[in-house]
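Here the structure comes first, spelled out in structure tokens, and everything after it is commentary.
Protein chains: 2
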Amino acid sequence: MTRHCFAARALLPAGWARNVRIAIDAAGGFADVAADTAGPRPGDEVLPGPVLPGMASLHSHAFQRAMAGMAETRGPGSDDFWSWRELMYRFVARLTPEAAFAIARHLYVEMLRNGYTAVAEFHYVHRRPDGTAYAAPAELLLRHLAAAREAGIAITLLPVLYRWSDFGARPLQPRQARFGNDPAAILAMVEAARRAAAGDADVRVGVAPHSLRAVDAASLRELVAGLEAIDASAPIHIHVAEQTKEVDDSVAASGSRPVEWLLSNQPVDRRWCLVHATHMTADETAALARSGAVAGLCPSTEANLGDGIFPLPDYRAAGGRWGIGGDSHVSRDPAEELRLLEYGQRLALRRRNLVAGGAVGSPGSDAVGTTLWTEAAAGGAQALGRPMGALAAGLRADLVELDPGAADLHAREDDALANALVFSGTPGLVRNVMVGGRWVVRERRHRLDDEGGEDAYRQALRMLLA
Amino acid sequence: MTRHCFAARALLPAGWARNVRIAIDAAGGFADVAADTAGPRPGDEVLPGPVLPGMASLHSHAFQRAMAGMAETRGPGSDDFWSWRELMYRFVARLTPEAAFAIARHLYVEMLRNGYTAVAEFHYVHRRPDGTAYAAPAELLLRHLAAAREAGIAITLLPVLYRWSDFGARPLQPRQARFGNDPAAILAMVEAARRAAAGDADVRVGVAPHSLRAVDAASLRELVAGLEAIDASAPIHIHVAEQTKEVDDSVAASGSRPVEWLLSNQPVDRRWCLVHATHMTADETAALARSGAVAGLCPSTEANLGDGIFPLPDYRAAGGRWGIGGDSHVSRDPAEELRLLEYGQRLALRRRNLVAGGAVGSPGSDAVGTTLWTEAAAGGAQALGRPMGALAAGLRADLVELDPGAADLHAREDDALANALVFSGTPGLVRNVMVGGRWVVRERRHRLDDEGGEDAYRQALRMLLA
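Heads up: the protein sequence lines correspond to chains A and B, in order. Residue 210 in my numbering sits at position 210 of the first sequence, and the numbers go up by one each step. Counting the second sequence from 1 gives a position; my numbering is that position plus 1000.
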């Protein structure tokens, strides 16, 4: 049975609209979205606050949520991405399936509260601490599926192929023993996850070759071909050029920079998401944009790790698609990610209002908040391989309603609402969140708030931080 | 009568301590702060959450709070600081005394909730829209004093001398008519504000020559000398090198860069706060550090305006003092300002954990969160000319207690608590806030929450945004 919501104002693909009547079918999709209607009809659910499409987080390592803030102490030697990774390895050594589930469920509820409605889980911890497989090799991956279902967030599961410790097929280090698999093992996890998903419209399964450091060319070809045989349009994500050392090592190993190598040696297209495409030449930037792939930007994590700044204006000018990911989850708020993204550009270029207007295939908006939300939602949807990312017929019914009573939205309309959401710096503007036609956050409350979900998270923290 | 608080853990000048007993005298100062005590005594107020010193915001233009998020739309021509300023001018043209009060009171309550306990109000709107003086020339300035008192935040009032529209003593433009005054008029405002403060320990008065653009050398000398005659240690704040255009114009006008000129031509010492000392040479950086002045850093505003990145590691290495300001109030959260400050450095330098260890005159901490909070609180206190910024006998009793029940503080101790506050990205960790011995935020509630203070703010928004 189709039901209706009526939004006083909503962000549609062509921009902000008034008196929007939204039909939601029994399967949890938008059946119709009509602007400038006469008003709500009897039985419509009226949403007085501004309504935006749900946001996808296109890159998540859920377990790192419990580490947020734990790596901010200066250590001996260099303080950089690589020393951060050492701490992450020590942390991962203690991770249990129960803790992974508790952290992910806690994280996904936090993300929902801030307006994320879907997540791509780039999951690389597969084995026991001693490197042996769990009885079910997809054990840890499937804990994230269970966590997403309890939280009510849509999920794209990306089991990670992590085969080598560095370029040149160097063997894994002992602390990487939990990550190691071959393409066949990852493809078996894909099959296991698809069986567990059982056709759920809010679950998708793809793969993630970890990086060109961790996967050789033959393994990458085997993984991609194997995935295509299972699902020809399934997503493929990869960490690509987060650190300049990684770029230098790639050049030393193959003569090519990572993005350059990937674009020359793989069928990079709309299925692909290149995460942390931070360090690119102008040629790589234009070529990545032309490929149709999504650039996966993780502003809070990339700032926390001191990665560098993605060339977003040039990439957008070339028609590039992009989205945002919470990655290490030092932020769980899409508005904060988008703000940090634009602020990084402003600081680097010493100009303002850089991500505005002229999105590919859309009239665009001069308002930065509107542009950022619209493009990130669309790019995130593409990266997740899930029909979402806009309020439009045929897509999953994911939406976010802001608090109509919030002072920071008072006396503002349309573009000014999106700008306030992204740039006024006020947390908690999101009031209600719907995923696939189901309300999962109502009046800022989630069902799990009353069911002790946080106790399990605290127990995990005590175990991991002890 | 002296009363006592007992903190299970508190950030003292030498670092985190346990079982801290804090004596507060009848005048609202810390009479004694003792670590490692046996425990609370009967009648002590027990604070189970981590306790930190209250933070000073050393730079505020309160009325700009109502503009937060309104300038994020791409306009014709260049989008930069100068086009942002055009919007601010249009906004200022509508400001009434009632709106200035309502906005400031709302802002100050928001700031208190996040752990600011004092603010330096760099106030430059003095006249009616037509350029005539109010019956009481300090009318608008004193509205900020009234707002601070109703909110319960300590304030340093800095009436701004804004005499010219640019280098070379160019006359004010019509839309700057509300700002213009001569040194004698500003000194009269200082006297008026001191009378209104009536010896209140939580009010201080200084001056702010707006910038070297807006004040000529003779006026600056006259203003500083006049202030010294009133109060020899009163604070002096100035906008100094926010934009490269400003630096270029200074060189064209005087042959010197702004910081260079100021250090050569003014008695810059501990009383001074150089706000936005963004663009400095290595020599200027070292010289400013040696002067004993405070560098006023406004990370969220400087990012929003695309100003650039302050050379903080070099400045700290030279012993420089610094603090943070909310400035245009796109953020009202000191934890977010400190996070943005460190993140800007990380992105620029591609390293992590840059502001850590070895603060001047302190043993320092390797934890970035502890270091950032400690140094910003001390530098802010100096800039405000108010005894605060640490939990130590003789200072005003300003403190912030974090929520002991927050998941993000769970299973963490000492430095990890400050790192979680600054870097885990969780809003709302502050539970209780004390200013000058009085609780102004209890269980996240402020007295004005129940007194309709927000109605006046909303009314101001409707008038200003119409």
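By construction, the Cβ of each residue, glycine as well, lies at the ideal position given by its N, Cα and C atoms. Note that the structure is predicted; figures quoted are calculated from it, not measured.
Given residue i as reference, the closest of the options once Cα atoms are compared
i         : options                                       : result
B:ALA950  : B:ASN1019, B:ALA1253, B:TRP1322 and B:PRO1013 : Nothing about residue 950 of chain B can be read from this structure; chain B reaches only from 1001 to 1466.
A:ALA35   : A:ALA93, A:ILE22, A:HIS239 and A:LEU47        : A:ILE22
B:VAL1433 : B:MET1189, B:ASN1419, B:PRO1053 and B:ALA1010 : B:PRO1053
B:ARG1316 : B:LEU1338, B:GLU1375 and B:GLY1344            : B:GLU1375
B:ASP1184 : B:ALA1177, B:TRP1164, B:LEU1227 and B:GLY1296 : Note that residue 1184 of chain B is Ala in the sequence shown here, rather than Asp. Comparing Cα positions, the closest option is B:LEU1227.
A:MET388  : A:ALA99, A:TYR116, A:PHE122 and A:TRP82       : A:TYR116
A:LEU161  : A:ALA356, A:ILE155, A:LEU212 and A:ARG175     : A:LEU212
A:GLY75   : B:THR1096, B:GLU1045, B:ALA1367 and B:PRO1174 : B:ALA1367
B:ALA1282 : B:ARG1270, B:PRO1299 and B:VAL1259            : B:VAL1259
B:ARG1175 : B:TYR1089, B:ILE1230, B:PRO1334 and B:ALA1102 : B:TYR1089
B:ASP1327 : B:PRO1042, B:GLU1045, B:ALA1027 and B:HIS1061 : B:HIS1061
A:GLN64   : A:LEU349, A:LEU158, A:LEU87 and A:MET55       : A:LEU87
A:SER233  : A:LEU12, A:ARG386 and A:VAL400                : A:ARG386
A:PRO48   : A:GLU413, A:LEU464, A:SER365 and A:ILE153     : A:GLU413
B:GLN1173 : B:ARG1105, B:LEU1347 and B:ALA1093            : B:ALA1093
Residue i (DSSP reduced to helix, strand or coil)
i         : result
A:ARG462  : helix
A:GLY361  : Low per-residue confidence applies at A:GLY361: pLDDT is 46, beneath 50, and the placement is therefore not dependable, though the value from the model is reported in the following sentence. A:GLY361: coil per DSSP, three-state reduction.
A:PRO171  : coil
B:MET1070 : coil
A:PRO258  : helix
A:ASP249  : helix
B:HIS1059 : strand
A:THR374  : helix
A:TRP164  : coil
A:LEU140  : helix
A:HIS123  : strand
A:ASP32   : strand
B:THR1117 : strand
A:ILE155  : strand
A:LEU340  : helix
A:ALA467  : Since the first residue shown for chain A is 1 and the last is 466, residue 467 of chain A is missing from the structure and cannot be characterised.
B:PRO1209 : strand
A:ARG321  : strand
Cβ of residue i within 7 Å of any chain A Cβ
i         : result
B:GLY1364 : no
B:LEU1347 : yes
B:GLN1459 : no
B:ALA1411 : yes
B:VAL1275 : no
B:VAL1400 : no
B:LEU1465 : yes
B:GLY1344 : yes
Neighbour flag for residue i against chain B, beta carbons, 7 Å
i        : result
A:GLU375 : no
A:GLY452 : no
A:ASP249 : no
A:ARG351 : yes
A:GLY43  : no
A:GLY49  : no
A:ASP79  : yes
A:VAL368 : yes
A:GLY255 : no
Notebook entry, point to check: Taking Cβ-Cβ distances below 8 Å as the criterion, which residues of the region 289-316 of chain A are in contact with chain B?
Noted result: SER300, GLU302, ALA303, ASN304, LEU305, GLY306, ASP307, GLY308 and ILE309
Checklist line | Residues of the region 53-75 of chain A whose Cβ lies closer than 8 Å to any Cβ of chain B, in chain order | finding: ALA68, GLY69, MET70, ALA71, GLU72, THR73, ARG74 and GLY75
Check: Taking one C-beta from the region 420-429 of chain A and one from the region 1066-1076 of chain B each time, how about it: are there three or more such pairs within less than 8 Å?
Finding: yes
Checklist line | Contact set between the region 1081-1097 of chain B and chain A, restricted to residues whose Cβ is under 8 Å from the partner | finding: PHE1081, SER1083 and TRP1084
Item checked: Chain-ordered residues of the region 1107-1124 of chain B with a beta carbon less than 9 Å from chain A -> GLU1110
Checklist line | Interfacial residues, the region 422-447 of chain A to chain B, with Cβ spacing under 9 Å | finding: VAL422, PHE423, SER424, GLY425, THR426, PRO427 and GLY428
Check: Quick one: any contact between the region 1182-1202 of chain B and the region 1139-1159 of chain B, if contact means 3 or more CB pairs under 8 Å?
Finding: yes
Next item on the list: Say whether the region 317-327 of chain A touches the region 292-304 of chain A, bearing in mind that this needs 3 or more beta-carbon pairs closer than 8 Å, one atom from each stretch.
Entry: yes
Margin query: Using a Cβ distance threshold of 8 Å, determine whether the region 1223-1239 of chain B contacts the region 1268-1287 of chain B, with at least three qualifying pairs required.
Written below: yes
Item checked: chain B contacts from the region 134-156 of chain A (Cβ-Cβ distance under 9 Å) -> none
Notebook entry, point to check: For the region 321-337 of chain A, which residues have a beta carbon sitting closer than 9 Å to at least one beta carbon of chain B?
Noted result: HIS329, VAL330, SER331, ARG332, ASP333 and GLU336
Note to self: For the region 408-423 of chain A against the region 388-399 of chain A, do three or more pairs of beta-carbon atoms, one drawn from each stretch, fall closer than 8 Å, so that the two count as touching?
What the structure shows: no
Next item on the list: Mind checking the region 1158-1175 of chain B against chain A and listing, in chain order, the residues whose C-beta falls within less than 8 Å of any C-beta there?
Entry: none
Margin query: Please identify, using Cβ separations under 9 Å, the residues of the region 225-253 of chain A that lie next to chain B, in order along the chain.
Written below: GLN243 and THR244
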